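Only one structure is covered here, and it is reproduced in the block below.
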Amino acid sequence: MDILTTVRRLIGRRHKITRAEMRDLLEALAGEGLCLGNDCMMSTWTWQPAADGMGLEADTVSPDAARIWANACRDITVISVMASGAIPHGQVRYDEPGRMAPLQHCQLMFVAEELGDHEYDQIGQMRRKAERVLIVSGAELPDPAAPALLPETSLAVRLRKLMRVDGVWDRILDDGILERRDPNDGQSNDPSDKSRYQYRVGADGYLQRRHLPPQHVGDAWRDIGIPEWETDYQDPHDMDTVLYRYWSEQVE
174 MDILTTVRRL IGRRHKITRA EMRDLLEALA GEGLCLGNDC MMSTWTWQPA
224 ADGMGLEADT VSPDAARIWA NACRDITVIS VMASGAIPHG QVRYDEPGRM
274 APLQHCQLMF VAEELGDHEY DQIGQMRRKA ERVLIVSGAE LPDPAAPALL
324 PETSLAVRLR KLMRVDGVWD RILDDGILER RDPNDGQSND PSDKSRYQYR
374 VGADGYLQRR HLPPQHVGDA WRDIGIPEWE TDYQDPHDMD TVLYRYWSEQ
424 VE
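Convert by adding 173 to the 1-based position in the sequence shown; the result is the number in this note's numbering.
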C-alpha cells in the first residue's frame, strides 16, 4: 500500500481539503489495506461479548470509522496515518501536538484549520512530523445511522406521556433522545451546571450513549469535540428504572 500515491491521485497537490474529503480518502486507503481500527478510539471497532463471557472484545473495524476519524480532526487534535502500526494505536492514531512522541514520523497527517489560529505556527511544526500534511475544514459529518428527527407528534410525545420524567434532571428531547443530568457532577445544585448523559435506541436494539458537557457550555468537550455515540451492551434488565422503561417502550 502506497499511502502518498493514493493521496496524490485523489487530492492532487492541494494542501487544504474538506472534512468529507478526509473521510473519502481514509475510506479509499482502507480499501487498499489500511486498518482504521484503533483501540484508543473504541468507536472505530465493532464490539461483541467476549468468548469467555467477561466484558467485550473487538470484532471488526466499524464501517463508520472513516467518518469518526474525520470528525475527530478538530482544534488541536491531529490524525496521523502510517503504513505500519502496532496495537493499540494501529495505523491511524490521534495526538495533540504537544504530546507527540519526539521521533514520531508518519506518511500522512490531517490537521484542523483552527490549529493555525494559535500564536505560533503549529501547522508548520507538524510538517516536520509527516511527509504530507493536509489541512481539514468543514462542519462535523452527521452520523448516517442516527435516527431521523421525528415529528413531535410521535416518539417524543409518546415517551413523555408514558415515562413521566421530571423534565429537568431527566427529560425527553424533541427527537426522542433521553437526556439525564448527572447530579454528582460538581458542587453546584443548578441542573444547568451538570454534565449530561444522552441515550437513544440503535437499529440493533441496544441502547447507545454519549456524555456531553453542561448545556450552557454546548455539546462539545474542549479536548475531543462532540463525542460519538457508543453502544451500551448491558442487559436491559440490569438497567435502572428510567433506562429500562425508555428502552422497553421502543423495543419490547
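Note that beta-carbon positions come from the ideal geometry of N, C-alpha and C, so glycine has one too.
Just so you know, these numbers come straight off a predicted model, no measurement behind them.
In the DSSP assignment, find the beta strand (DSSP E) that holds A303 and state where it starts and stops.
303-310
Helix, strand or coil, according to DSSP, for E325 in the structure here?
With a pLDDT of only 46 at E325, under the threshold of 50, the placement of this residue in the model should not be trusted; the figure read from the coordinates follows. In this structure, E325 counts as coil in the three-state DSSP scheme.
Unbroken stretches of the beta strand (DSSP E), 3 residues or longer, contained in the segment 334-378:
343-345, 351-354, 369-374
G378 versus V424 - alpha carbon distance:
6 Å
For the segment 396-411 against the segment 363-380, are there 3 or more C-beta pairs whose distance is under 8 Å?
yes
Relative to the alpha-carbon of A203, which residue among Y267, G185, V180, M215 has its alpha-carbon at the smallest distance?
V180
Pick from A393, S421, A201, D316: whose alpha carbon is nearest that of R247?
A393
Quick one: Cα of E401 to Cα of R383, how far?
6 Å
Anticipated Cβ contact below 8 Å, I249 with E269, distance rounded:
5 Å
With R305 and L281 assumed to form a contact (beta carbons below 8 Å), what rounded beta-carbon distance in angstroms separates them?
5 Å
To the nearest whole angstrom, what separates the beta carbons of R196 and A239, a pair I think is in contact under 8 Å?
5 Å
G210, DSSP secondary structure in three states:
coil
Can you find the residues in the same chain that come closer than 6 Å, C-beta to C-beta, to R373, ignoring five residues on each side of it along the sequence?
I350, Q381
In the DSSP assignment, find the unbroken beta strand (DSSP E) run with I190 in it and report its ends.
189-191
Whole angstroms are fine: how far does the CA of S361 sit from the CA of L199?
43 Å
Is M299 near L314, with beta carbons less than 9 Å apart?
no
Cβ-based neighbour list, L209, same chain, cut-off 7 Å, excluding 5 preceding and 5 following:
L199, A203, T217, V234, A238, A239, W242, V265
Taking the alpha helix (DSSP H) that L177 belongs to, which residues open and close that run?
176-184
Specify, as a first and last residue, the run of the beta strand (DSSP E) that M282 falls within.
279-285
Simplified DSSP assignment, three categories, for A274:
coil
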